[in-house]
Amino acid sequence: MSDSRGLWAKIEDGIMDSTIALSFGRPGYARRRKRWPAYPDGDLDGAHVVITGTTSGLGLAATKLLVARGAKVTGVVRNVERGEAAFDTVRAAFPAADLSLERCDLSSVADVDALGARLSDGRRVDVLVNNAGVMLDARYESVDGIEMTFATNVLGGFALTEHLKDVFKRVIHVTSGGMYTQRLDMEDPFWNDKAFDGVAAYAQTKRAQVILNELWAERLPRGTVSHCMHPGWARTPGVERSLPRFERWLRPLLRTAEGGADTIAWLVGCDEALETNGLLYFDRRPRKTHLRKKTVSPPEDRQALWDLCTSTLTRLRS
339 MSDSRGLWAK IEDGIMDSTI ALSFGRPGYA RRRKRWPAYP DGDLDGAHVV
389 ITGTTSGLGL AATKLLVARG AKVTGVVRNV ERGEAAFDTV RAAFPAADLS
439 LERCDLSSVA DVDALGARLS DGRRVDVLVN NAGVMLDARY ESVDGIEMTF
489 ATNVLGGFAL TEHLKDVFKR VIHVTSGGMY TQRLDMEDPF WNDKAFDGVA
539 AYAQTKRAQV ILNELWAERL PRGTVSHCMH PGWARTPGVE RSLPRFERWL
589 RPLLRTAEGG ADTIAWLVGC DEALETNGLL YFDRRPRKTH LRKKTVSPPE
639 DRQALWDLCT STLTRLRS
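Per the working numbering, numbering of the sequence shown is gapless, rising by one per residue and ending at 656.
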């Protein structure tokens, strides 16, 4: 009976996935969650999860889902005052929540290095969630002179993962379904020469995260795993701010931030995440990383991305 239910679930997903809006939106989440068992009470008691970007959106939603299960959450934010205000909403719902904040600008290598040193100094960190990200309407450079989208979405998470790779047992990279539209561009990854397109730049960094996830899976210490997830189409302040037309047109179909963050919270505690490595998950199931052949990067570009991250960090630290 369980095999037949699993087969039917795959058939259902296949039908729904053929219509992106239904699969990525609220209908897909509502349909799939009916098959998911409830978590045991306190199943994450004592677990320490570090999440970047907890001021709003998916990071804040994931925090609520995790503290409800007993986890301790350290949020990484640029603005501590806004971070505290966000965590006050969590404490109002969960008075016993074990929460703390760390200030860090993920686009600054010096900031990330300082954060990495603090978090790896004798603290127990079970899971790192690289969630923070930006989508910009114009090209800006970070304090280090790196295009801001890449600096925040790729380089910051890469550096933090590097710092904590001997501490955590799981790292989860929050990507976006937008990466399905893009192939990695290693000829001009910082948008120095081509006209800047904020949506494309964002999607390319999300594609980069998926590739780096697979490469991290090959390089992390034995017994440590790396996974990506994408949230589908969720209604968050970031979407409302960066994609206002998309948000208005599809508002009835958008899932909540909690629906988008569900797979983050699931990956934090599920046994399956420790039995696999380097996968992309959506709604608690591994998914394809490409829908079209033209988005596939050759091996030399994948290695060039890793080398770009490592060489950039080495240069900025020297």
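Positions of the beta carbon are idealized from the N, C-alpha and C atoms, including for glycine.
CA-to-CA distance, residue j to residue i, given in whole angstroms
i, j, result
"residue 451", "residue 366", "39 Å"
"residue 642", "residue 606", "30 Å"
"residue 358", "residue 591", "11 Å"
"residue 586", "residue 596", "19 Å"
"residue 537", "residue 403", "29 Å"
"residue 602", "residue 458", "22 Å"
"residue 505", "residue 389", "15 Å"
"residue 609", "residue 507", "12 Å"
"residue 566", "residue 433", "31 Å"
"residue 655", "residue 532", "28 Å"
Host alpha helix (DSSP H) of residue i (start-end)
i, result
"residue 418", "418-431"
"residue 510", "Residue 510 -> not in any alpha helix (DSSP H); beta strand (DSSP E) instead, spanning 508-512."
"residue 438", "First-last for residue 438: 437-441, but that is the beta strand (DSSP E), not the alpha helix (DSSP H)."
"residue 618", "No alpha helix (DSSP H) holds residue 618; the beta strand (DSSP E) holding it covers 618-620."
"residue 456", "447-457"
"residue 293", "The displayed coordinates of the chain run from 339 to 656. Any statement about residue 293 would go beyond what the structure contains."
Whole-number beta carbon distance between residue j and residue i, since they are thought to touch under 8 Å
i, j, result
"residue 543", "residue 487", "5 Å"
"residue 513", "residue 568", "5 Å"
"residue 314", "residue 471", "There is simply no residue 314 to check, as the chain begins at 339 and stops at 656 in what is shown."
"residue 481", "residue 510", "Rounded, the Cβ-Cβ distance is 27 Å, inconsistent with contact."
"residue 494", "residue 444", "3 Å"
"residue 391", "residue 469", "5 Å"
"residue 395", "residue 582", "Not quite, the Cβ-Cβ distance comes to about 15 Å (not below 8 Å), so this is no contact."
Bounding residues of the beta strand (DSSP E) (the contiguous stretch that carries residue i)
i, result
"residue 412", "410-415"
"residue 388", "386-390"
"residue 377", "Where residue 377 is concerned, there is no enclosing beta strand (DSSP E), given that its DSSP letter is neither H nor E."
**Item:** Segment contact flag, the stretch 452-462 with the stretch 512-524, C-beta cutoff 8 Å, min 3 pairs
**Value:** In short, these stretches do not touch, since the Cβ pair count stays below three.
**Request:** Note down, one range per segment and in chain order, each beta strand (DSSP E) of at least 3 residues found wholly within the stretch 459-546.
**Result:** Counting whole runs of 3 or more residues, the stretch 459-546 contains the beta strand (DSSP E) stretches 465-468, 508-512.
**Message:** What ranges does the alpha helix (DSSP H) occupy inside the stretch 549-608, keeping only unbroken runs of at least 4 residues that lie completely in it?
**Reply:** Whole alpha helix (DSSP H) segments, 4+ residues: 575-580, 582-588, 595-607.
**Message:** Can you confirm whether the stretch 375-389 touches the stretch 406-415 when touching is taken to mean that 3 or more C-beta pairs between the two stretches lie within less than 8 Å?
**Reply:** Because the criterion of three Cβ pairs below 8 Å is met, the stretch 406-415 and the stretch 375-389 touch.
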